[in-house]
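Read through the structure below, which is laid out as structure tokens, and then see the notes.
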Amino acid sequence: MTVSTAAADQTVCQPLSVLGRDVRVPLVTGGEVEYAALDYAASAPALQRVWDDVAAYAPYYGSVHRGAGYLSQLSTDLFEKARVEVAEFLDCRESDELLFTRSTTDSLNLLAACLPAGCRVFVFETEHHASLLPWRGAEVTHLDAPRTPAEAVTTLERALAAREPHGPALVCVTGASNVTGEIWPVRELAEVAHAHGARIVLDAAQLAPHHPVSVQELDVDWVAFSGHKLYAPFGSGVLAGRSDWLEEAEPYLAGGGASRSVSRREDGGVDVVWHGGAARHEAGSPNVIGAYAIASACKALTEAGFDSLVARERQLVERVRAGLADIPGVTVLSLFGEAAERVGVLSFVVSGWNSSHFAAALSAEYGIGVRDGLFCAHPLVRTLLGSTAEAPGECGAPEGAAGEQSLNAIRVSFGAGTPDEHVERFLGAVRELVTDGARWTYRTEGGRCVPAV
Ligand code: PMP
26 MTVSTAAADQ
36 TVCQPLSVLG
46 RDVRVPLVTG
56 GEVEYAALDY
66 AASAPALQRV
76 WDDVAAYAPY
86 YGSVHRGAGY
96 LSQLSTDLFE
106 KARVEVAEFL
116 DCRESDELLF
126 TRSTTDSLNL
136 LAACLPAGCR
146 VFVFETEHHA
156 SLLPWRGAEV
166 THLDAPRTPA
176 EAVTTLERAL
186 AAREPHGPAL
196 VCVTGASNVT
206 GEIWPVRELA
216 EVAHAHGARI
226 VLDAAQLAPH
236 HPVSVQELDV
246 DWVAFSGHKL
256 YAPFGSGVLA
266 GRSDWLEEAE
276 PYLAGGGASR
286 SVSRREDGGV
296 DVVWHGGAAR
306 HEAGSPNVIG
316 AYAIASACKA
326 LTEAGFDSLV
336 ARERQLVERV
346 RAGLADIPGV
356 TVLSLFGEAA
366 ERVGVLSFVV
376 SGWNSSHFAA
386 ALSAEYGIGV
396 RDGLFCAHPL
406 VRTLLGSTAE
416 APGECGAPEG
426 AAGEQSLNAI
436 RVSFGAGTPD
446 EHVERFLGAV
456 RELVTDGARW
466 TYRTEGGRCV
476 PAV
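Under the working numbering, the first residue of the sequence shown carries the number 26, and numbering increases by one thereafter.
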């Protein structure tokens, strides 16, 4: 993707107001501290604005689509308006359909259920499992991890050119990696896909919260993202894009809302006429509050101004990268190298440390919430670590000599609500742990590293 460089010249905004900023958590070493939420890539805190909008709407909540009452009609209007607003946020084409789903995982599984017969799917091994795994009914070509954005484009081009027979094809690509934060060349991949008669779906789970996503500018056929990573944690996600494959497929879920009419046949069976449009794949009572919350988050981010949000996040990314580079024994994982454009997601390993142990110490001794493991992108993290082992070792004490291979990694991620202090505390804590070691002892319990007492 070619991401706007205009952000570099933009005014940097203040962090947006999010819930949980003043939550204090206990430390094993005594006392308590304001929680530093640095796991935005898993789930971002709710924007205060989203929470306020949802609270203001909640008394008016009613069943949608079928209710005759005033609040049902109001809720139906708001639900359908949310659809239009999110489509505008994504700069969808006039003819595109926008479906509310549960999440990115749900959206991509829905699309997978709509693939035309004989469709071949092309997917890089670097994808999150949500975009790597849903294509079970199709022939899948898994592409090796590219080491530059340009190599991603040539790898895809070669694979598409070699495809036989020339039936329908879909490329699935992530916009920003949930492991390295690196931005993928989405526009260029879309160009190659279309030149070879294939379609492309963008997994924007990590991109949409950090960057404007324009379906038309990127020229992707579909886009998927999750509300809970976009500051709207009310259980909704989005799939938006071309309507033809969606219209031609059987409904994703069978049930009320998707069915226009159902009648008994003479032979005792049941005939169903399914709806077209969004309703076809949205059977059951939709998550109105979830959809409303996503639309509210889209408005909040747009009003805050993506250019200044991007500029601020870029400063934080640079601060974290420079800070980590200055700490001996810390290696930041990267596929595309120094020059890559990134969102606020970085994974790293610390020489001589089990990553679970390190993450547990950041939490228990500093009140910092990060993530450790393989981040539902096992092939990518194993490629980056150069490891093939199945499971990380036991924690309990710093283990592994300097230079020994790590089996999992630590991920720090942040966004529009992150204050500078959280990033500074994180860097200070990493340095202290590396220099002085943990002050507490830890043990493994249920596969997780936890303080021993
Ligand atoms: N794609 C990417 C790139 C992700 O980071 C994630 C979540 N970590 C997903 C898909 C899946 O999102 P969800 O769990 O909300 O379905």
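Think of the CB as a built atom: it goes at the ideal place given N, C-alpha and C, for glycine as much as any other residue.
At which residues does the alpha helix (DSSP H) containing residue i begin and terminate?
i, result
"D78", "73-82"
"L214", "211-220"
"L387", "380-391"
"G315", "313-329"
"V109", "95-114"
"E242", "240-243"
"S286", "No alpha helix (DSSP H) contains S286, which is instead part of the beta strand (DSSP E) from 284-289."
"H235", "First-last for H235: undefined, no H or E at that position."
"L158", "L158 -> no alpha helix (DSSP H), and no H or E assigned at all."
What does DSSP give as the partner residues of residue i in its beta bridges?
i, result
"C139", "Note: C139 sits in no beta bridge, so no partner."
"C145", "Looking at the sequence provided, one finds Arg at residue 145 rather than Cys. Paired residues: E164, A194."
"E119", "For E119, which the question treats as bridged, DSSP gives no partner whatsoever."
"G398", "A434"
"L278", "DSSP, once it has assigned bridges, lists no residue as partnering L278."
"F373", "V357, I435"
"I225", "V196"
"F125", "V263"
"P476", "Y467"
"V58", "V50"
"E207", "R367"
"D25", "The requested residue 25 does not occur in the structure, where the chain is confined to residues 26 to 478."
"A201", "I208"
Assign residue i to one of two classes, buried (16 or more other C-beta atoms within 10 Å of its C-beta) or exposed (fewer than that).
i, result
"E273", "exposed"
"Y95", "exposed"
"Q231", "buried"
"E366", "buried"
"G462", "exposed"
"T27", "Residue confidence for T27 is low, a pLDDT of 43 falling below 50, so the modelled location carries little weight; the figure read from the coordinates is stated next. Result: exposed."
"T36", "exposed"
"T408", "buried"
"G315", "buried"
"E424", "Only weak support exists for where E424 lies, its pLDDT of 46 falling under 50; the value from the coordinates is given anyway. Counting Cβ neighbours within 10 Å, E424 comes out exposed, since fewer than 16 surround it."
"E338", "buried"
"H235", "buried"
"E207", "buried"
"G45", "exposed"
"Y277", "buried"
"R74", "buried"
"P210", "buried"
"R161", "exposed"
"R183", "exposed"
"P51", "exposed"
"V478", "exposed"
"H253", "buried"
"G440", "buried"
"E189", "exposed"
"T30", "Residue placement at T30 cannot be trusted, given a pLDDT of 42 that sits under 50; what the coordinates show is reported in the next sentence. The residue in question, T30, is exposed, as its Cβ has fewer than 16 Cβ neighbours within 10 Å."
"S120", "exposed"
"R482", "Nothing about residue 482 can be reported from this structure: the residues present for the chain run from 26 to 478 only."
"D78", "buried"
"Y479", "Absent from the structure is residue 479, since the part of the chain shown begins at 26 and ends at 478."
"H191", "exposed"
"V205", "Inspection of the sequence shows that residue 205 is occupied by Thr rather than by Val. Counting Cβ neighbours within 10 Å, T205 comes out buried, since at least 16 surround it."
"T126", "buried"
"P353", "exposed"
Which residues bound the beta strand (DSSP E) around residue i?
i, result
"D296", "295-299"
"Y467", "467-470"
"C38", "Premise fails: C38 is in no beta strand (DSSP E) and is neither H nor E."
"P404", "Note, P404: premise wrong, no beta strand (DSSP E); alpha helix (DSSP H) at 403-410."
"S251", "247-251"
"G453", "G453 -> not in any beta strand (DSSP E); alpha helix (DSSP H) instead, spanning 445-461."
"A184", "Element bounds for A184: not the beta strand (DSSP E) but the alpha helix (DSSP H), 174-186."
"D269", "Premise fails: D269 lies in the alpha helix (DSSP H), 269-273, not in any beta strand (DSSP E)."
"R49", "49-51"
Can you determine whether any heavy atom of the ligand NAD sits closer than 6 Å to the C-beta of residue i, and answer yes or no?
i, result
"A93", "The ligand NAD is not part of this structure, which contains only the ligand PMP."
Worksheet item: What residues come near the ligand PMP, if near means a beta carbon less than 5 Å from any of its heavy atoms?
Response: S128, T129, T130, H153, A155, T199, N203, D228, A230, Q231, S251
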